[in-house]
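Everything on this sheet refers to the single structure shown next.
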Amino acid sequence: MTTVAQAILNGMMTGMLIAIPALGLTAIFAVLRYVNFAIGAYATVGAFAAWYVNTRLGLGVFPSAIVAFAAGGFVGLVAEQTALARLRPSGALAVAIASIAVNLILENLIRFIFGNDLQGFDLPIARDWRFAGLRLGPQQVQTAAIAIAIMAAVFLFLRFTRFGKAMRAVADNPDLGRLLGMDPSRIAMITVVLGAGLAGVGGVLLGLDTAIDPMTGSRLLLSIFAAAVLGGLGSIPGAVVGAVMIGIGEELAVLVLPATYRSAVGFATILLILSLRPAGILGERNI
Amino acid sequence: MLKADGLVAGYGAAEEILKGASIDVHAGEIVTIIGPNGAGKSTLLKAIAGLVPLKGGTVVMNGADVTRKDALGRSKAGLAFVMQEKNVFGTMSVAENLEIASFGNPSGTTARREAIYARYPVLAGKRKALARTLSGGQRQLLAMGMGLMTEPALLLLDEPTAGLSPKAAEELFAAIIELNNSGLPILMVEQHALEALEISTRGYVIVTGRNAATGPGKELAADPEIRRLFLGG
Ligand SMILES: Nc1ncnc2c1ncn2[C@@H]1O[C@H](COP(=O)(O)OP(=O)(O)OP(=O)(O)O)[C@@H](O)[C@H]1O
Ligand SMILES: [Mg+2]
């Protein structure tokens, strides 16, 4: 019983972290209508940028996360401008495939610069908290708190700012947006910066717990994509709900299956959702 | 006011849809475009609004040549276009739709939105409702309200009464007349050709992308040939 409760708790914690890059993926999908698999590499870029300023400059978790946002957003914008945006006339599939290539290129660039070794963050060592037989690390709580703050900020931005509303409007109906004075391509670029930046923050939050290497983001990609698909591609609340469900599902799966089968949860979810309910739980429309 | 001359436009490599159509609208007018299905009426409004690229012809708005301007530039020049379909943001509330409609010109948004609510009280009662939950007539009023939020000099309406019940269509025509009486010129495409021509200063008949006939609304509505072709008798 306690093991199940512990798995659910751990799953919720990881799920909230997966939610951040899943928000990025789903936001980019909502506005630009393609699945950006380079989100994995943007997460790795963010993780390494944060690791660098954390271990070399001694910055704490919070400022490092801001650096991760900036690094992810910048790399995402460059990739969009130099490669992905040019392919948009060829359709969403071409862009999605190109984003896999971008993912590989970035991953190998990081390997070239930082090497293949595992890198750990410089964090104070703290003892886990225990209550009712459950364990919870203070670091987990801090990263979860940051994740919740980021989700809240994204919701508030989309709900209450003029620009956030314009983003939702263009995602809904770009032609109408253009008639009303919005510039859909500019809004798309800002969405890319925001989405890739969120991926970058997600990368560092997920890396804080363990250690990072050039594959960090690519390993998470399946869970991120599954979370977004489960919640409904393009749905912001859906990405959060989907991520928490995937996080819990993965932790529960490894209670009964060997740990190598963890990613089977993501695969199975994607297969099931795409064949049974392509719009996902909270999605507006079918893919 | 609006002078669109010899417009040529289409979609991609296919044959052009507009083959040199011309439309004028003068201050204070209601001008109606009628014609058979697929004649290019919607394409004509889109070409005027800048949603379809022009391959020929000129668009002059209040003396300024806007031919080379995109939809954004035409909107700034005073054109507001209410599309035939997908003319509101369905996933956003009525209030958000009106607010975001002033994106290109945001000063005084709240006051302008209140003016729309005063003009269309049914929308005021639905501020928080998602636009996709509105009835056809309410959605059309919202779409027109969004056009008004841009403070246009000319309103383009594509089949505003399409899909409405006879009663809702009648109410919408009343709303169009009221808007026009407040000084706003209107250029619309209508399937309810007879009703539309009756309230129009002038009308145009467009067939296969070209002007086929033009004249005062009441004269066109009374023309036996036009009645036979478009007005069902
Ligand atoms: N986005 C598009 N891409 C390609 N072809 C289009 C597009 N929109 C319209 N067409 C074609 O252009 C032609 C004219 O269409 P348009 O919508 O302008 O006609 P219409 O006069 O408004 O007709 P209706 O009375 O049915 O609204 C049609 O043959 C239509 O199939
Ligand atoms: Mg039409």
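Chains as they are written, first to last, in the working numbering: chain X, 273 to 559; chain R, 17 to 249. The beta-carbon is built from N, C-alpha and C at its ideal position, and this holds for glycine as well. It should be emphasised that the depicted structure is a prediction, and the values quoted were computed from it without experimental measurement.
### Task
Report yes or no: is there a C-beta of chain X within less than 8 angstroms of the C-beta of residue 69/R?
The residue you call residue 69/R lines up with position 53 of the second sequence. Not closer than 8 angstroms to any Cβ of chain X, the Cβ of residue 69/R fails to qualify, so no.
### Message
Based on DSSP bridge pairs, tell me the residues matched to residue 204/R.
### Response
In the second sequence, residue 204/R corresponds to position 188, counting from 1. Paired residues: 48/R, 173/R.
### Task
Could you tell me whether the Cβ of residue 558/X comes closer than 8 angstroms to any Cβ of chain R?
Along the first sequence, read from residue 1 onward, the residue named residue 558/X stands at position 286. Caution applies to residue 558/X, whose pLDDT of 42 falls short of 50 and renders its modelled position unreliable; the model cannot decide the point.
### Task
Check residue 220/R in the structure and name its three-state DSSP category.
Along the second sequence, read from residue 1 onward, the residue named residue 220/R stands at position 204. In the displayed model, residue 220/R falls within a strand according to three-state DSSP.
### Any chain X beta carbon closer than 8 angstroms to residue 166/R
Within the second sequence, the letter at position 150 stands for residue 166/R. Interface residue, yes.
### Task
Name the two residues that bound the continuous alpha helix (DSSP H) containing residue 287/X.
For this step, residue 287/X is matched to residue 15 along the first sequence. Residue 287/X: member of the alpha helix (DSSP H) spanning 274 to 304, first to last residue.
### Three CB pairs or more closer than 8 angstroms across the stretch 106 to 126 of chain R and the stretch 453 to 462 of chain X
Result yes; three or more Cβ-Cβ pairs closer than 8 angstroms.
#### Entry: Minimum Cβ-Cβ distance from residue 107/R to chain X less than 8 angstroms
Position 91 of the second sequence holds residue 107/R. Output row for residue 107/R: interface = yes.
### Message
What does DSSP give as the partner residue(s) for residue 550/X in the beta ladder?
### Response
Sequence index remark: in the first sequence, residue 550/X carries index 278 (1-based). DSSP lists no beta-bridge partner residue for residue 550/X.
### Query
What do you reckon, are the CB atoms on residue 337/X and residue 321/X nearer than 8 angstroms?
As a first step, residue 337/X is located in the first sequence; it is residue number 65 there, counting from the start. As a first step, residue 321/X is located in the first sequence; it is residue number 49 there, counting from the start. Contact flag unset, no.
### Task
Output the residue ranges of the alpha helix (DSSP H) runs that lie fully inside the stretch 406 to 486 of chain X and measure 4 residues or longer, sorted by chain position.
DSSP runs (the alpha helix (DSSP H)) wholly in the stretch 406 to 486 of chain X: 410 to 432, 434 to 444, 446 to 451, 456 to 481.
### Task
Compare the C-beta of residue 487/X with all C-beta atoms of chain R and state if any pair is closer than 8 angstroms.
Taking the first residue of the first sequence as 1, we reach residue 487/X at position 215. Judged by the 8 angstroms Cβ criterion, residue 487/X is not in contact with chain R.
### Message
Quick check: what's the CA-CA separation for residue 216/R versus residue 144/R?
### Response
The sequence position of residue 216/R within the second sequence is 200, counting from 1. The sequence position of residue 144/R within the second sequence is 128, counting from 1. Those two C-alpha atoms are separated by around 35 angstroms.
### Task
Determine the DSSP secondary structure at residue 240/R, reduced to helix, strand or coil.
Residue mapping note: residue 240/R aligns to position 224 of the second sequence, counting from 1. Judged by DSSP in its simplified three-state form, residue 240/R adopts helix.
### Query
What residue range is occupied by the uninterrupted alpha helix (DSSP H) comprising residue 341/X?
Taking the first sequence and counting its residues from 1, one reaches residue 341/X at position 69. Residues 333 to 351.
#### Entry: Neighbour list for residue 116/R in chain X, Cβ cutoff strictly below 9 angstroms
Position 100 of the second sequence holds residue 116/R. The contacting residues are 434, 437, 438, 440, 441, 449, 452, 454.
### Opposing strand residues paired with residue 81/R [DSSP bridges]
To locate residue 81/R, count along the second sequence from 1; it is residue 65. DSSP lists 76/R as partners of residue 81/R.
### Task
Quick one: residues in its chain with C-beta nearer than 8 angstroms to the C-beta of residue 353/X, no 5 flanking neighbours on either side, listed in chain order?
On the first sequence, residue 353/X is found 81 positions in, with the first residue counted as 1. Excluding residues up to 5 positions away in sequence, 461 lie with their Cβ nearer than 8 angstroms to the Cβ of residue 353/X in the same chain.
### Query
For residue 57/R, which residues of its own chain have a beta-carbon under 7 angstroms away from its beta-carbon, when the five flanking residues on both sides are left out?
Residue 57/R sits at position 41 when you count from the first residue of the second sequence. Closer than 7 angstroms at the Cβ level, and outside the excluded window around residue 57/R, lie 49, 51, 205, 222.
### Task
Indicate whether at least one CB of chain X lies closer than 8 angstroms to the CB of residue 102/R.
Within the second sequence, the letter at position 86 stands for residue 102/R. Output row for residue 102/R: interface = yes.
### Task
Compute the Euclidean distance between the alpha carbons of residue 523/X and residue 168/R, then round it to the nearest angstrom.
The residue given as residue 523/X occupies position 251 in the first sequence. The residue given as residue 168/R occupies position 152 in the second sequence. Straight-line Cα distance between these residues: approximately 57 angstroms.
### Identity of the residue in 163/R, 110/R, 170/R, 156/R nearest residue 141/R by Cα
Along the second sequence, read from residue 1 onward, the residue named residue 141/R stands at position 125. Of the candidates 163/R, 110/R, 170/R, 156/R, the one whose C-alpha sits nearest the C-alpha of residue 141/R is 110/R.
### Query
Any residues in the stretch 120 to 142 of chain R with a beta carbon nearer than 8 angstroms to a beta carbon of chain X? Which ones, in chain order?
Using a CB distance below 8 angstroms, the part of the stretch 120 to 142 of chain R facing chain X consists of 120, 121, 122, ordered along the chain.
### Message
Threshold first: 3 residues or longer. Then list the beta strand (DSSP E) segments lying entirely within the stretch 128 to 193 of chain R, N to C.
### Response
Complete beta strand (DSSP E) runs here, min 3: 170 to 174.
### Message
In whole angstroms, give me the CA-to-CA distance for residue 383/X and residue 476/X.
### Response
The sequence position of residue 383/X within the first sequence is 111, counting from 1. The sequence position of residue 476/X within the first sequence is 204, counting from 1. When rounded, the distance between both Cα atoms is 17 angstroms.
### Query
Given a threshold of 16 other Cβ atoms within 10 Å of its Cβ, counted over all protein chains shown, does residue 435/X qualify as buried or as exposed?
Translated into the one-based positions of the first sequence, residue 435/X becomes position 163. Answer is exposed; the Cβ neighbour count stays below 16.
### Message
Tell me whether the stretch 367 to 387 of chain X and the stretch 298 to 309 of chain X touch, counting them as touching only if at least three CB pairs, one residue from each stretch, are closer than 8 angstroms.
### Response
Under the Cβ criterion (8 angstroms, minimum of three pairs), the stretch 367 to 387 of chain X counts as touching the stretch 298 to 309 of chain X.
### CB contact flag (residue 444/X, residue 106/R, <8 angstroms)
Numbered from 1 along the first sequence, position 172 holds the residue referred to as residue 444/X. Numbered from 1 along the second sequence, position 90 holds the residue referred to as residue 106/R. Going by C-beta atoms, residue 444/X is nearer than 8 angstroms to residue 106/R.
### Task
Please list the partners that residue 97/R has in chain X, where partner means a Cβ-to-Cβ separation under 7 angstroms.
By 1-based counting over the second sequence, the position of residue 97/R is 81. Those are 451, listed as they occur along chain X.
#### Entry: Residue range of the alpha helix (DSSP H) that includes residue 386/X
Here residue 386/X corresponds to residue number 114 of the first sequence, with the count starting at 1. Under the DSSP assignment, residue 386/X falls in the alpha helix (DSSP H) whose first and last residues are 364 to 386.
### Short CB-CB distance (under 8 angstroms) between residue 88/R and chain X
Locating residue 88/R in the second sequence gives position 72, counting from the first residue. When Cβ-Cβ separations below 8 angstroms define contact, residue 88/R makes contact with chain X.
### Query
Taking 7 angstroms as the line, does the beta carbon of residue 102/R fall inside it for any heavy atom of ligand 2?
Reading the second sequence from its first residue, position 86 is the one you call residue 102/R. It does not: the Cβ of residue 102/R is nowhere closer than 7 angstroms to a heavy atom of ligand 2.
### Query
Going by the C-beta, is residue 220/R closer than 7 angstroms to any heavy atom of ligand 1?
For the purposes of this step, residue 220/R is taken as residue 204 along the second sequence, with counting starting at 1. No, ligand 1 has no heavy atom inside 7 angstroms of this Cβ.
### Task
Return the residue from the list 291/X, 276/X, 273/X, 277/X that minimises the CA-CA distance to residue 519/X.
Working through the first sequence from its first residue, we reach residue 519/X at position 247. Residue 291/X holds the alpha-carbon nearest to the alpha-carbon of residue 519/X among 291/X, 276/X, 273/X, 277/X.
### Query
For residue 300/X, which option in 278/X, 368/X, 279/X, 316/X has the closest C-alpha, if you only look at C-alpha atoms?
Looking up residue 300/X in the first sequence gives position 28. With distances taken between Cα atoms, residue 300/X lies closest to 368/X.
### Message
Please determine whether the Cβ atom of residue 205/R lies at a distance below 7 angstroms from any heavy atom of ligand 2.
### Response
Here residue 205/R refers to the residue found at position 189 when the second sequence is read from its first residue. Taking the Cβ of residue 205/R as the reference point, at least one heavy atom of ligand 2 falls within a distance shorter than 7 angstroms.
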